[in-house]
Structure formats: C-alpha cells, structure tokens
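Visitor: For our numbering, add 1 to where a residue sits in the sequence shown, where the first one is 1. A single structure is presented below for examination.
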Amino acid sequence: MSDSVPAPLSARVLGLANLGLIVIDADHRIVMWNQWMASRSGKSSHRVIGQDLFDLYGELRGQRLEHAVLSAMQSSLPQTLSPSLNPSPFPLYPAGTWGGERVEQAVAVTPFNEGKERYCLIEVSDISTIVGRERQLRSQAEALRAQSYVDGLTGIANRRHFDVALDRELRRALRNEGQLSLLLMDIDSFKAYNDHFGHQQGDACLSMVAEAFASMLQRPADLAARYGGEEFAAVLPDTSAEQAAVHAEAIRAKIASLDIGHAPAATRPHVTMSIGVATFDKDQLNSAAAMLAAADSCLYAAKRAGRDCVIVYRPQDHQQETAA
Ligand SMILES: Nc1nc2c(ncn2[C@@H]2O[C@H](COP(=O)(O)OP(=O)(O)OP(=O)(O)O)[C@@H](O)[C@H]2O)c(=O)[nH]1
2 MSDSVPAPLS ARVLGLANLG LIVIDADHRI VMWNQWMASR SGKSSHRVIG QDLFDLYGEL
62 RGQRLEHAVL SAMQSSLPQT LSPSLNPSPF PLYPAGTWGG ERVEQAVAVT PFNEGKERYC
122 LIEVSDISTI VGRERQLRSQ AEALRAQSYV DGLTGIANRR HFDVALDREL RRALRNEGQL
182 SLLLMDIDSF KAYNDHFGHQ QGDACLSMVA EAFASMLQRP ADLAARYGGE EFAAVLPDTS
242 AEQAAVHAEA IRAKIASLDI GHAPAATRPH VTMSIGVATF DKDQLNSAAA MLAAADSCLY
302 AAKRAGRDCV IVYRPQDHQQ ETAA
C-alpha cells in the first residue's frame, strides 16, 4: 500500500481552479493562496501565507480593493469591483511569463464566518480575452463609422459626410457672418461614356476624376465629396464667390487636362465637367437647401451653355429672372 496520502478533494479543486482564490482573516493576513495566484504572481503560497495582504501589495492601500475588503468585513455584504474603474489591481501576469502587461482582472470580495473567526474570500478572474475582444469590437465599430462617411467607389467623402459638413459650416458662417461657398459638379455626357466603354470603365473614370478633384482642395476644412452618381460637390469654408469661381475653374481645367478619352457621342473628345457655384449670404442663401438649389441651377445653366464650363450664382440676376 502506498504511504502517500491523497490530497483532500477540496484542496485538489482549489489547485485546479481557473481563477485566483485568496482568503484573508480579519487582520488581512493571508490564510489561503491557490495555485492560480502563485503561477500569476510569482509568489508561492508558503511565501505569502501569514502576511498582511496590504503589506505584500502596498500599492493596494487606499485603493478600491482595500475599501471593498474593509466594507465587506464590516457590512458582511459581498462587493464586486468594476473592471473599468479598477483595471488590473493585482500585479499578475500570464502564467509562464514574467513582466509585460498585467492580466485584466475582475475581482469579487465575499466575507464569511468560520466559527468565531471572520474571513474574506477574494476571487480574481482573468478577463483579458473579454477586454481584448471588447477593444477589438470598439475599434471595428470606429472603422465602420469612418467608412460610413466614405464613398465606397472613389474613397472620397460620401453624400452623408457632405451633408454633415455643409450643415456645420453653414452654422459657423451664420454665427460668424463668415464666407462659405459650395460647388456642384457633374461629368458631362457620362451616360454616353458608360454606353461606349461599359460600366466598369465608367467606375474607373469616376475614381480618376474624384482623385483629381480632391487633390485640388488644399485647405484642411475644404471637403471634396461624391454627391451621387456622376455628381461631385465641394464645401469651401472662408471662400468668397470670386475665390470659389477661381477654384472651380482650376478644377474644370484639371479634369480636362487628365485627357481621359470620351465617347464619340460626347461634346468633347475628352472627359469634362460642368460646375455650378453658390456662395452663402445671410439674406437669401442661408440654408443648405437654398445653397444647393442655387448651385444646381447654375450647374443646369452650365449644361445648357454647352458643358465644360463654370457658372456662378448671382443673387441680383436671380431676382431679375424671377421678377420677370
Ligand atoms: N459607371 C458608373 N456610372 C454611373 C454611376 N452613377 C451614375 N452613373 C451613370 O451616369 C450617367 C448619367 O447620365 P445623365 O444623368 O443622363 O447625364 P449625362 O449623360 O452625364 O449628361 P449631362 O449631365 O447632360 O452631360 C447614367 O448613365 C448613370 O448610369 C456609377 O457609379 N458608375
């Protein structure tokens, strides 16, 4: 018969438990320290048994864990430490490593009596995987949010981003009586391009035009967007009608200079753009709808004028037109 005594079942279970188990007495002296704690703290149970937990880990003094232990001992009520408020209170590291990042911990404190003695059980769970997954989900959500402001085909801002930017800049212009211009632009005879070269090449053309157009806007507050289909738009804060007209003309010339061959049915042998320009004014063009309608009417006028040109909205002309 073997003379080795089998470990009591409870001791075996404590050794196998996949969480840290610490028991301290009323004077905070450690009376139990399981294998999980030993392998993650680098301190074996016979080194720590009998020591005051808060002497062993001075950094816990005055912290939430100490308050939780004191209050659990006094009230006899269990306490749970929020992992977000108390990240990693114990200096514990993944088993088999030393140093590096502490394991993320969730800590529960449960007071209990044994005979006349008062004790406190401290359970420490490793929640590193959960916290890591949460971080990953949060960063994926942020990436998705960023993507939802980006046009999938061209990579420039999408209509939603444009609407938000125009609204924000309009409110700023109204507040500061500042200047703000808007460009609406449309690739000329794009239906003919698609019909001649096919939709896939049409998409490639849209991407080239978008890239060239976006590269023309230099200020950080300027926004180049795909407004929809073959239409593009730009929000230009602190830009007068005259300055916007110069920008628009430069963009028109840049697109023409790309010299992208067009369909035979198009007005020009190369791809061109027509552009309408509207500028904020506090009496008439003081809303997104009014500015967009004004820019759109100029874009339409540019198409009627033969395409590949820029037309700037002038409130006085409009008054004359509507009055006539
Ligand atoms: N390839 C491609 N074509 C698109 C996309 N969005 C819109 N279009 C095409 O753009 C064309 C726009 O045609 P129209 O609105 O008739 O205007 P247009 O031919 O450009 O003529 P004008 O604007 O008068 O110069 C349509 O044939 C649409 O199918 C897209 O994402 N990819």
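C-beta: ideal position from N, C-alpha, C; glycine also. Quick caveat, the model's predicted, so the values are computed rather than measured.
Can you tell me whether DSSP reads residue 114 as helix, strand or coil?
Guide: What you label residue 114 is simply residue 113 of the sequence shown in a count that begins at 1. Residue state, collapsed to three classes: strand.
Visitor: Quick one: what's got a C-beta closer than 7 Å to residue 103's C-beta in the same chain, skipping five residues either side?
Guide: If you number the sequence shown from 1, residue 103 lands on position 102. Counting only Cβ-Cβ distances below 7 Å, and skipping sequence neighbours, we find 89, 92, 93, 94.
Visitor: Excluding the five sequence neighbours on either side, which residues of its own chain have a C-beta within less than 6 Å of the C-beta of residue 13, listed in chain order?
Guide: As a working mapping, residue 13 is identified with position 12 in the sequence shown. Contacts found: none.
Visitor: Grab the span of the alpha helix (DSSP H) containing residue 34 for me, first residue to last.
Guide: Position 33 of the sequence shown holds residue 34. Looking at the DSSP string, residue 34 is not in any alpha helix (DSSP H); the run it does join, the beta strand (DSSP E), is 31-34.
Visitor: What residues in its chain sit with their C-beta under 7 Å from that of residue 77, if we drop five residues either side in the sequence?
Guide: Locating residue 77 in the sequence shown gives position 76, where the first residue counts as 1. Counting only Cβ-Cβ distances below 7 Å, and skipping sequence neighbours, we find 112.
Visitor: For the pair the segment 25-34 and the segment 47-57, tell me if three or more CB-CB distances fall below 8 Å.
Guide: Yes: at least three Cβ pairs fall under 8 Å.
Visitor: Where does residue 74 sit, in a helix, a strand or coil, going by DSSP?
Guide: Numbered from 1 along the sequence shown, position 73 holds the residue referred to as residue 74. Helix at residue 74.
Visitor: Check whether the segment 140-155 touches the segment 40-47, counting contact only when three or more Cβ pairs, one atom from each stretch, lie closer than 8 Å.
Guide: In short, these stretches do not touch, since the Cβ pair count stays below three.
Visitor: Under 8 Å: do the segment 174-190 and the segment 241-254 share three or more Cβ pairs, one atom per stretch?
Guide: Segments in contact, yes.
Visitor: Whole angstroms is fine: what's the gap from residue 25's alpha carbon to residue 71's?
Guide: On the sequence shown, residue 25 is found 24 positions in, with the first residue counted as 1. On the sequence shown, residue 71 is found 70 positions in, with the first residue counted as 1. If I take the Cα positions, the gap works out to 11 Å.
Visitor: Ligand 1 and residue 159: does the residue's C-beta get closer than 7 Å to at least one heavy atom of that ligand?
Guide: As a position in the sequence shown, residue 159 is number 158, starting the count at 1. Outside the cutoff, so no.
Visitor: Relative to ligand 3, is the shortest distance from any of its heavy atoms to the C-beta of residue 163 smaller than 7 Å?
Guide: This structure lacks ligand 3; the ligands present are ligand 1.
Visitor: Taking just the CA atoms, how far does residue 235 sit from residue 225?
Guide: Locating residue 225 in the sequence shown gives position 224, where the first residue counts as 1. Locating residue 235 in the sequence shown gives position 234, where the first residue counts as 1. When rounded, the distance between both Cα atoms is 5 Å.
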